[in-house]
Structures are given as structure tokens and as C-alpha cells.
Amino acid sequence: MCGLLYVIKILGALAKRGNSIDNLLSVGKNINDKLASLGISATSCNVPGKDPSFVLQQGEFEFGVGLHGEAGTSRIKACDVKDLIRLAVDKIIKTLCLKESSIICLIVNNLGLVSCIELGALAKYTKEYFDELKIEVSRMFVGTFIVSLNMYGFQLSAIDVSDNPEWINYIDEETSAFAWPGNRLNIEPIVKEENPENIKISNLDDINPNLGVCISEHSILVFKNILKKIGEVILQNVDILNKLDLEIGDGDNGSTISRFGSELLATLNILPLSHPASVLYSLALICEDKMGGASGALYSLLLTGAASHLVSVDYLDWTGALQNALKTAMTYSSARKGDKTMFDPIIAIHEVFQEYGDLRTIIDSKEYTLLLDKTCKVLQLVNDNVKQMKAEFGKASYVESVASVGKMDAGAYGVVLWFNAIYTAYVDATK
């Protein structure tokens, strides 16, 4: 939703001031509690080469649409624009428990095809209704900020700053983003600030190539074949993952993870393959920098957690790595086992490895093959179970028109794909 802009502006300003990641996380959660967005559309968006995500009958509006063309929470009959605004504002007020004298910042966002004059009218009626309710609109931003391609609709996003007036200063922070009103490309800031120290963004060259255990030449070849197979399998299944995700998600899971697959294959020959911990840190950076979306963030956390564990031990403790991967990711995500997410199969993998015991007792490739084979069989059962789960996260968890039971979660299916790729590549490389 376009309320993400508040998160970016406020946390970006705090990060610029040197706030810790823990403080940013705490403020971010507070922002989330004070933020509400609602979109209304008269059409779906048209992603090239794909069917519309929903179809409206003449005289209908989609109420509660998302930014990726997701269907809304309900359908309403077309009505006068002022009545439409009142419906949206009333929902936001109820969600945020706003009252007289509350102070908000407001975004009126064009989802694609709304004309300037229409957007101006929407903004006018929205401001007038808040004024009528004696709710102070301290800042109001009207424009095309985040679009859903050619969707004919708009989103309202309000953040309650009554208890956090300093957030207004952070929202006002100077920016070079050209679409943000009053950016530094068209006005001079009222107060000049000293330039902060440049923040160095990591790249693959910054990662220590000698972290953790060093593996043998033969193991390097096996490891390389596994990574190559993962990249290839991901790219071969892009359309399947997108199709699965279209049913209960945004329809872009395959496209998102394909960016990781492409970058993995492109950088395979320069990865520090002799040190798996360094490789996992590298893959975490690729996920963070190239993938995008929630999947990119979660995979980056998972890989970072796994890598940090491997650095702390003197052998390839994949069981411990999986445990720390889940612990790290679940620190920032409230998704848990049974919520119909990518975590379900990863938890199952960890449980099989944990049941096996100390991996240092494995003395030949046949034992590893048996362990991987058993895990693949368990994942098939987990796959079937995930399909029958009710989604507790993502679009399907809050959009009534999307039924999740009986449909596969694309993120969970993706995990099964890459683990099967590990098994296949390992067997081929150790024949």
C-alpha cells in the first residue's frame, strides 16, 4: 500500500541520523500500528501477458484494492464521489481510532489512470471531510506515487502523528525522489544540514571470502553443481510459481525469485566456493539487493542466519544453520508453522535434519543421499498439507474473495523446488 512511503520517509530519516537497526525496527512497528491505507478502483490493472486479477461488472467499484492489482475486500455499487470518499475515510478513522483533534498526514495516491483534475477533486473532498470531523490534516501529499500499472483507481493513506509529532519532521526530510512534492531537485531546504557520513552499501567484494570451514576440492565441485542446479530449476519454474501466486498472492513470486536465480548463475564463478559460510553471506546479499519483495527480505534473513551459524562452528553444521536461519527470519516475521508460508517446508527440512542427529557421524555420500532423499519425501507430504491449510499471511489471509484452502502457496512450493534441486545435483555429483 502507498502507506509504505511513510515508512520509507520516517525510517530513512532516522537511519540517516545513525539510529540503530533495533530502534528502526521498534519505530517501524509503531508506524505500522498508526498507519491505515485503503484503495478503491473502477477497473483491475492489466499486467502484460496475464489475465486481469479481477473483473468488475458495470456500475461496480472494488473496495480495498492492493498496489499489485490484488482484488479488494468487497464490491460496492458505484456512487457519488463524495459518498465514496466518506466510505473510505470512515474505514480509516475506525481502523486508527481517530477522534476530534487527532493529527494526521495524508496521501492521496493515483493508482494509474486517474486524471489530474479527478485526483484534485478526490483530494479536495477528502480534506473537506476530515475538516468536517475536526481531524487536523498536518501534511497532505497528492499525486502519482506508487501505481498499479493502468488501474483506474486511487488510494488514501493516513498516519496518526498525534502522539509522535516528530514524525512530521522526518516526513518533511529532504529527498531527491523526483515524485515526492518539495524534493531537493525543485526547492532549497529551509534549514541546511551538514552532509552525513556516506553510508557504504555492501557488495560481493566486501564479503570476507574465508569465513568458516574450508571444504575440499571435491566438495567445492559438488557445492558448485548444487548452486548451479538451484539457479536453473528456479528459472525453469518461473511461470508455474507466478501462476500459483496469482491464485492466492500477487502473481509475481516466480518473477521475484527468478532475479535471484539469474544473479546466482551470473556470479557462480566468482563466489568463494571453498568457504560455504562466505557463499551464504553472498547469496543473502543477492537476495537483499536483487530479488525485492517480501521473499527477498526473508531469504536474505534466512541465509544470513545460516551463514552466521556456520562461521561460529568448526564443521558444516547444516542442522544448526537451519535452526539459526529460522530463528533470524522469525525475529522479523510473525509467520509460524502452519500459517501456509515458505516457513512450513523449511521448518520440515530442519526437523528431518534434527531427527538425524550429528551430521559429523556421516562418513560417506550414501548417508547424505539417504538423508536428502528422506527430506524430499517428507517435503512432498508437507506440500500436500500446506495446500490444505488456510492462509494466515499475505493477500489470501485478508481478502474475503480469495479462498486459500486447496491452493498451493507459491513461496512454499519454491522451497520444495530448490531442495529437490539440491538432492538431484548432489546425487549426480557423487555418483
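In the UniProt record's numbering, the protein residues as written are 1 to 431.
Backbone N, C-alpha and C fix where the C-beta goes; we use that ideal spot for every residue, glycine too.
In this text the structure is predicted, and so the values were computed from the model without any measurement.
Rounded Cβ spacing between residue i and residue j (contact assumed at less than 8 Å)
i, j, result
"Asp-373", "Tyr-423", "7 Å"
"Leu-273", "Trp-318", "Rounded, the Cβ-Cβ distance is 16 Å, inconsistent with contact."
"Ser-397", "Ala-391", "5 Å"
"Leu-119", "Val-108", "7 Å"
"Thr-73", "Gly-59", "No, Thr-73 and Gly-59 are not in contact; Cβ-Cβ is about 19 Å, not under 8 Å."
"Cys-105", "Ile-146", "With 8 Å as the limit, Cys-105 and Ile-146 do not qualify as a contact, their Cβ atoms being about 16 Å apart."
"Tyr-129", "Ile-85", "6 Å"
"Ala-429", "Asn-208", "The pair is not a contact, with the Cβ atoms about 26 Å apart (cut-off 8 Å)."
"residue 437", "Leu-211", "Look at the range of the chain in this structure, 1 to 431, and you will see that residue 437 is not part of it."
"Val-427", "Thr-369", "6 Å"
Own chain residues within Cβ distance below 8 Å of residue i, not counting five before or after
i, result
"Leu-24", "Leu-11, Leu-14, Ala-15"
"Ala-121", "Val-81"
"Asn-324", "Gly-305, Ala-306, Ser-308, His-309"
"Asn-46", "Pro-52, Leu-149, Asn-150"
"Phe-353", "Trp-318, Thr-319, Leu-322, Leu-359, Leu-371, Thr-375"
"Phe-223", "Ile-215, Leu-273, Pro-276, Val-279"
"Gly-292", "Thr-256, Arg-259"
"Asn-30", "Asn-164"
"Val-114", "Leu-122, Tyr-152, Gly-153, Phe-154"
"Lys-127", "Leu-106, Val-137, Met-140"
"Ile-93", "Leu-133, Ile-135"
Residue i, buried or exposed, once every other Cβ within 10 Å from all chains shown has been counted against 16
i, result
"Ala-425", "buried"
"Leu-381", "exposed"
"Trp-418", "buried"
"Gly-357", "exposed"
"Ala-179", "exposed"
"Pro-181", "exposed"
"Cys-79", "exposed"
"Glu-188", "Note that Glu-188 scores a pLDDT of 49, beneath 50, so its modelled location is shaky; the value from the coordinates is reported in the next line. Glu-188 is exposed by the Cβ-count criterion."
"Pro-48", "exposed"
"Ser-44", "buried"
"Lys-407", "buried"
"Gly-254", "buried"
"Asn-32", "exposed"
"Lys-9", "buried"
"Tyr-6", "buried"
"Asn-237", "buried"
"Tyr-332", "exposed"
"Asn-110", "buried"
"Leu-285", "buried"
"Val-405", "exposed"
"Leu-361", "It is worth fixing the name first, because residue 361 is Thr in this sequence and not Leu. By the 10 Å Cβ count, Thr-361 comes out exposed."
"Val-55", "exposed"
"Cys-116", "exposed"
"Ile-21", "exposed"
"Glu-62", "buried"
"His-218", "exposed"
"Leu-221", "exposed"
"Cys-2", "buried"
Proximal residues to residue i (C-beta, below 6 Å), its chain only, five neighbours per side dropped
i, result
"Glu-100", "Lys-134"
"Leu-265", "Gly-231"
"Asp-252", "none"
"Lys-34", "Ile-159, Asp-160"
"Ser-389", "The sequence given here has Met at residue 389, not Ser. Contacts found: Lys-340."
"Asp-245", "Gly-251, Asn-253, Ala-410"
"Phe-393", "Ala-335, Asp-339, Thr-341"
"Ala-421", "Lys-229, Ile-230, Val-233"
"Leu-283", "Leu-303"
Contacting residues, own chain, Cβ-Cβ under 7 Å from residue i (five flanking each side not counted)
i, result
"Ala-88", "Leu-38, Ile-40, Leu-156"
"Cys-287", "Phe-260, Gly-296, Tyr-299, Ser-300, Leu-303"
"Ser-162", "Ser-102, Ile-103"
"Asp-314", "Val-213"
"Val-416", "Pro-345, Leu-379, Asn-383"
"Ile-168", "Cys-105, Ser-138, Arg-139, Val-161"
"Ala-329", "Leu-298, Leu-301, Leu-302, Gly-305"
"Lys-290", "Arg-259, Phe-260, Glu-263"
"Ile-347", "Leu-326, Lys-337"
"Glu-247", "Lys-407"
"Leu-241", "Asn-253, Gly-254, Ile-257, Ala-410, Tyr-413, Gly-414"
"Gly-28", "Val-7, Leu-11"
Proximity test, residue i beta-carbon vs the ligand GDP heavy atom, cut-off 8 Å
i, result
"Thr-304", "Looking at this structure, you won't find the ligand GDP or any other ligand, since it has none at all."
### Query
Pairing CB atoms from the stretch 249–269 with CB atoms from the stretch 228–235, are three or more of them under 8 Å?
yes
### Query
Below 8 Å, can you find three or more Cβ-Cβ pairs linking the stretch 36–50 to the stretch 150–168?
yes
### Query
Which runs of the alpha helix (DSSP H), 4 residues or longer, sit entirely within the stretch 251–331?
253–267, 276–286, 293–312
### Query
Which residue spans inside the stretch 342–419 form an unbroken alpha helix (DSSP H) run of at least 4?
343–356, 365–388, 395–398
### Message
Counting beta carbon pairs with one atom in the stretch 327–345 and one in the stretch 410–417, are three or more of them shorter than 8 Å?
### Response
yes
### Query
Does the pairing of the stretch 204–213 with the stretch 267–284 give three or more beta-carbon distances under 8 Å?
yes
#### Entry: Contained beta strand (DSSP E) runs [length at least 3] in the stretch 89–121, N- to C-terminal order
103–110
### Query
Taking only runs of the beta strand (DSSP E) that begin and end inside the stretch 197–251, which ones reach a length of at least 3 residues, in chain order?
none
### Task
Pick out the complete beta strand (DSSP E) segments inside the stretch 39–81, 3 residues or longer, and give them in chain order.
60–63, 74–77
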